[in-house]
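Numbered per the UniProt record's numbering, the sequence shown spans residues 1 to 52.
Everything on this sheet refers to the single structure shown next.
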Amino acid sequence: MRVSSHGSVHYLRCVCGQWLASHRGGVSPVSGVGACLPPPGDHLELIPLPEE
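Structure, rendered in structure tokens:
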């Protein structure tokens, strides 16, 4: 779920509570917030947002 946008960066909230930053290079977890990173090898497939 997209929560806010700043230029080409979109801040997303995962259902597990983790914050993600979506940008042209992909999606990155926002450090320091949430403790729900998946264990290595067990990841989610993220669908990119449509270009605006």
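Cβ coordinates follow ideal geometry from the N, Cα and C atoms, glycine included.
How far does the beta strand (DSSP E) with L49 in it extend, from its first residue to its last? On the sequence shown, residue 49 is found 49 positions in, with the first residue counted as 1. It is not in any beta strand (DSSP E) - L49 carries neither H nor E in the DSSP assignment.
For P48, which residues from the same chain have a beta carbon less than 6 Å from its beta carbon, with the 5 sequence-adjacent residues on both sides left out? Translated into the one-based positions of the sequence shown, residue 48 becomes position 48. Nothing listed; no residue qualifies.
Close-in-space but distant-in-sequence residues of the same chain around R24 (CB under 8 Å, 5 per side omitted): Here residue 24 is taken as the residue at index 24 of the sequence shown, counted from 1. Only S8 meet the Cβ criterion.
Distance, S5 Cα to P29 Cα: The sequence position of residue 29 within the sequence shown is 29, counting from 1. The sequence position of residue 5 within the sequence shown is 5, counting from 1. Looking at the two C-alpha atoms, the distance is approximately 15 Å.
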